[in-house]
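Below is one structure, written out as structure tokens; comments come after it.
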Amino acid sequence: MGDLIFIAVLLSIGILLRRINMGDGFDKSLNDFIIYVSLPAVALIYAPKIHFDSNTFSIVLISWLLLALSALFVIWLTKDMPQQIRASMLLIVPLGNTSFLAIPLIKALAGEGSMPYILIYDQFGTFLALSTYGAFIIGYYEHGALDWKKIGKKIATFPPLIALVCALMIGEQSQVVQSYLKI
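Counting in numbering that gives the first Met the number 0, the sequence shown runs from 0 upward without gaps.
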């Protein structure tokens, strides 16, 4: 219950900060901190605890199946709507905000042991879907073409994914790294 109260307090602080003019670029600074510091740290702490088995791969499969089913539903639902609405809905409905909101919520509801699996769902499911499917939707509906080299570079240089891959490579030996990351 304490974790949920903590999340509510953080959301309240966010609402207050939005009402106060913090200057141009403040929101980008917060997003950058999450992407370049917080999420990589979470990956380095929890990824070594991932044990790959059929359950792990089913988490990724579920993510991609939900994406496909949601996209098909949106296509069916928006068949008589303008292309701009369809494109927006194809981005909004299937893709969840699993990094910024779901990680703390799932941790609060399911506990510390769920963190490695949240990372799998987030990085190999939602992030890859956003980077590939999301780029496809934007490219298709905006330009009619895709820049696969740019998409590949964006995926390969995403800091949380780099941290996740590094953490998986060093495995349980990362206890030294983890001790520095925990506050």
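Glycine included, C-beta positions come from ideal geometry on N, C-alpha and C.
**OP:** Can you tell me which of the three DSSP states A162 falls into?
**Re:** helix
**OP:** Using the Cα positions of I19 and V36, report the straight-line distance between them to the nearest angstrom.
**Re:** 25 angstroms
Subject >> Reduced DSSP category for N221 - H, G, I as helix; E, B as strand; rest coil >> reply: Here the chain comprises residues numbered 0 to 182, so residue 221 is not present and cannot be evaluated.
Original post:
For A166 versus L43, is the C-beta spacing smaller than 8 angstroms?
Top reply: yes
Original post:
Under 8 angstroms between the Cβ atoms of L104 and I6?
Top reply: yes
Subject >> alpha helix (DSSP H) runs contained entirely in the stretch 95-135, provided each spans 4 or more residues >> reply: 102-109 and 114-118
Subject >> Simplified DSSP assignment, three categories, for I19 >> reply: coil
Subject >> Host alpha helix (DSSP H) of K152 (start-end) >> reply: W147 to A155
Original post:
Does the stretch 74-94 come within contact of the stretch 150-158, defined as at least 3 CB pairs closer than 8 angstroms?
Top reply: no
Original post:
How long is the line joining the alpha carbons of I84 and L127, rounded to whole angstroms?
Top reply: 23 angstroms
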